[in-house]
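S.K.: Sending over a structure as structure tokens; questions will come in a sec.
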Amino acid sequence: MNYTYLLINIGVIFFPLILSFDKKVHFFSKWKFVLPAILITGIVFLIWDLLFVKLNVWSFNSDYIIGIKLFGLPLEEILFFLTVPYACIFIYECLNAYFPANTLQKYSLAISNLFLGLCIAILFFGYSRWYTLINFGFLFLVLAYIEYVNIEFRFMYKFFRAYLVSLIPFYIVNGFLTAIPVVIYNNQENLGFRVGTIPFEDHFYLMGLLLMNVYLYEFFKSKKSNQGESSLVSEKERLGVLGGF
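Structural data, given as structure tokens:
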């Protein structure tokens, strides 16, 4: 058995997990929002992953996995959808806690529109390739929904900053996965353009994965906040009624 992919997963989550008890970020207190976001997103991406294995979009090098499989996927690949989102949401929260000022706020819609336009352009030229089609189609739908349908809370300016920072560990982790390689890509199903050994689409795969996780994370936080506000209003009304007697 080879533990390469498993060790990569452990390396991804090790420091974010240890540092979750940082006093300023208090990330451990937000696990009740983090975990459902990761689980829901994970189900979506695992279905996507299974489809890609069936379509021969990518496969896994048996020399670098321990050999345990669930639903036809290596255990390490399933863990990937826990460790990477956890680390990325941790980065997102750390940046928000330590650097609350964010100059991207006034540019976030323009940046989103730029990415939406990029998705349309790439889909026009690469729609016949499964990885390109599903990857950019998914990103387009999620991004368009968040910017033009979701009006309850705005967070994209914080998301883009976290995404940029997340690209640093992304190049390290994905660099290992694609250089060894642990994950083997079928270039007939992607654009065939790589940054080093990393397929171009992987950058936007990360964006879609992180975006869905952060959206659900913020969604669950907002629901909790709204419930708290409703309870506070009800309590004030109750006290007001009692005060009238």
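Read the sequence shown against our numbering and you will find it ends at 246, with the numbers running on by one and no gaps. Glycine is no exception: its CB is placed at the ideal position from the N, C-alpha and C atoms.
1) I need the boundaries of the beta strand (DSSP E) containing I185, first residue and last residue.
2) Do the CB positions of Y216 and I147 come within less than 7 Å of each other?
3) May I ask you to list the residues that DSSP assigns as paired with V196?
4) Rounded C-beta distance between N187 and N57? I'm assuming under 8 Å.
5) Tell whether a beta-carbon distance below 7 Å holds between F221 and P37.
6) Among I152, G43 and N62, which has the Cα closest to the Cα of V85?
7) What does P86 pair with, by DSSP beta-bridge criteria?
8) Residue range of the beta strand (DSSP E) that F161 falls in?
9) Determine, using beta-carbon pairs with one atom in the stretch 115–128 and one in the stretch 173–181, whether at least three such pairs fall under 8 Å.
10) On the DSSP bridge assignment, give the partners of L71 in chain order.
11) Would you decide whether E94 is buried or exposed? Buried here means 16 or more other CB atoms lie within 10 Å of its CB.
12) Once DSSP output is grouped into helix, strand and coil, what is the label at S30?
M.R.: Taking the coordinates as given:
1) V184 to Y186
2) yes
3) I199
4) 5 Å
5) yes
6) G43
7) Answer is none; P86 lacks a bridge partner.
8) Not the beta strand (DSSP E): F161 falls in the alpha helix (DSSP H), residues M157 to A180.
9) no
10) L74
11) buried
12) helix
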